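Single-structure report; data block below.
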């Protein structure tokens with residue numbers, strides 16, 4: 043894993059919709075610095091935009107990390123919009139308000155945020 047050091051965890055997430063908005067889902071995988079998988083997840087998110095689905099995948103991955111008391115997370119997403127918002131701790135569109143509040147509650151667990159596509 044090229045962007046993690048010993049003691050770090052890498053959370054890769056992705057969300058998508060068929061149409062925008064449309065039927066959507068998301069998921070992710072958490073690996074340690076050697077590449078060993080701790081968990082993977084996927085969820086159906088009903089009718090959402092692609093940005094909302096990606097945000098929900100980020101939130102769900104962080105919730106799973108929180109449940110297992112995992113910190114020192116390298117978060118990797120292919121949504122430049124969300125990566126930029128996370129880096130700036132900016133307030134997103136109103137449709138993301140509740141999801142964003144959940145993400146911000148877990149934000150301290152993240153040490154690095156990367157955009158990967």
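In the numbering used here, the protein residues as written are 43 to 159.
Beta carbons are placed, not taken as given, at the ideal position from N, Cα and C, and that holds for glycine.
Since the model is a prediction, treat every value here as computed from it, not as a measurement.
Assuming residue i is part of the beta strand (DSSP E), what are its boundary residues?
i: residue 81; result: 79-90
i: residue 135; result: Note, residue 135: premise wrong, no beta strand (DSSP E); not H, not E.
i: residue 120; result: Residue 120 -> no beta strand (DSSP E), and no H or E assigned at all.
i: residue 73; result: 64-74
Any idea if residue i is buried or exposed, counting beta-carbon neighbours within 10 angstroms, 16 or more meaning buried?
i: residue 94; result: buried
i: residue 91; result: buried
i: residue 152; result: buried
i: residue 57; result: buried
i: residue 52; result: buried
Tell me the DSSP bridge mates of residue i?
i: residue 145; result: Per DSSP, none; premise fails for residue 145.
So for residue i, helix, strand or coil by DSSP?
i: residue 43; result: With a pLDDT of 49 at residue 43, under the threshold of 50, the predicted position of this residue should be treated as unreliable, and no value is reported.
i: residue 126; result: helix
i: residue 100; result: helix
i: residue 140; result: helix
i: residue 48; result: coil
Check the C-beta distance from residue i over to residue j and give it rounded, since I have them as a contact under 8 Å.
i: residue 101; j: residue 144; result: 5 Å
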